[in-house]
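Report on the structure given below.
In this note's numbering, the protein residues as written are 14 to 381.
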């Protein structure tokens, strides 16, 4: 999704970092003020991850006593020299540019989900030290990043940076930090959380109307936050009234409208509300899956469908059909997106690969 914007930013970044030399140094990238600060941070973090991998290699070599005081005394200076001499060849530069642009946009529109897959990459656990190291790639949604770091700093003194953190626990931490941060926000303050999205699209797509972003980007953002009633209201506007873009003021109007139409008595038992929601879900037309399936089939041409089956499902068309049916049977896109995310995690696949993005986009549009 948003391939045009991704491609435009990617090409701009390539132009800014274009060099006739075999390599470009990290120091040259960081010194280039034409490169957005978020991308300079990403490249710095990539070099720090290389250093992390190099440390693991040298400390695991049993032929040398790397725990000796003399050796340990040299390592800090050696680490500084590694970072100072870090460089990207053309292949690494191209792949890093691609990853940096996709990761930034994903983190802007789907911060909770992106944190999970970017930090864990389909693995069930990570050392806390590596979790924090992965956070260094990111700059947007600073309240989330800082909240995670503060949680880590508040760990008991006996806890080590190498303690193991499961992806399930990490998701819970991120959700709590996010919910606590937005709990008491006014409508205007909540909309301000999308400032990074508005800035990105203003720079990446000058063809958009002024001060507006694609409605789909806001829907994805809301689904990621769990703000389903508002995302569904925007989906209806997109589908019924072809509201392709949305301004901040229009977004506030939608939020106000949703709040005004919430008609649940304050003293209604929660179980009654849940039973009502369950009853509504059970009464949904059985034809819904068939309608969505027909729409999904129009989203993919034969070549794209075959490529997705080959790259994501190892040429197993039956597995492809099973996942599609499971996703399209969901009551809303939030539930569907969770299934897609779990599928990528089980397969150890990057959700920002071309095939994965094409698959996710086709599924999402089937719900609109």
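All C-beta atoms, glycine included, are put in the ideal place defined by N, C-alpha and C.
Source: prediction; values computed, not measured.
Near residue 424, which residues of its chain fall below 8 Å by C-beta distance, leaving aside the five closest residues on each side in sequence? The requested residue 424 is not part of the displayed model; the chain covers only 14 to 381.
Three CB pairs or more closer than 8 Å across the stretch 118 to 134 and the stretch 80 to 91: no
Tell me whether residue 124 is buried or exposed, calling it buried when 16 or more other Cβ atoms sit within 10 Å of its Cβ. buried
Nearest-angstrom beta carbon gap, residue 154 and residue 120 [assumed within contact, 8 Å]: 7 Å
In the DSSP assignment, find the unbroken alpha helix (DSSP H) run with residue 354 in it and report its ends. 346 to 360
Report the three-state DSSP secondary structure of residue 297 (helix, strand or coil). At residue 297 the pLDDT is 40, less than 50, meaning the model places this residue with poor confidence; the figure from the coordinates comes in the next sentence. Residue 297 falls in the coil class under three-state DSSP.
I need the straight-line Cα distance from residue 247 to residue 65, nearest angstrom please. 43 Å
Residue 220, DSSP secondary structure in three states: coil
Taking all protein chains shown into account, decide if residue 15 is buried (16 or more other Cβ within 10 angstroms of its Cβ) or exposed. buried
C-beta contact flag for residue 161 and residue 122 at 9 Å: no
Relative to the alpha-carbon of residue 307, which residue among 158, 266, 341 has its alpha-carbon at the smallest distance? 341
Just confirm the distance between the C-beta atoms of residue 259 and residue 228, as a whole number of angstroms; I'd bet it's less than 8 Å. 5 Å
Which residues share a DSSP beta bridge with residue 139? 178
Measure the C-alpha to C-alpha separation of residue 317 and residue 311 and round it to an integer number of angstroms. 11 Å
Pull up the distance between the alpha-carbon of residue 51 and that of residue 152, whole angstroms please. 6 Å
At what residues does the alpha helix (DSSP H) containing residue 54 begin and finish? 50 to 73
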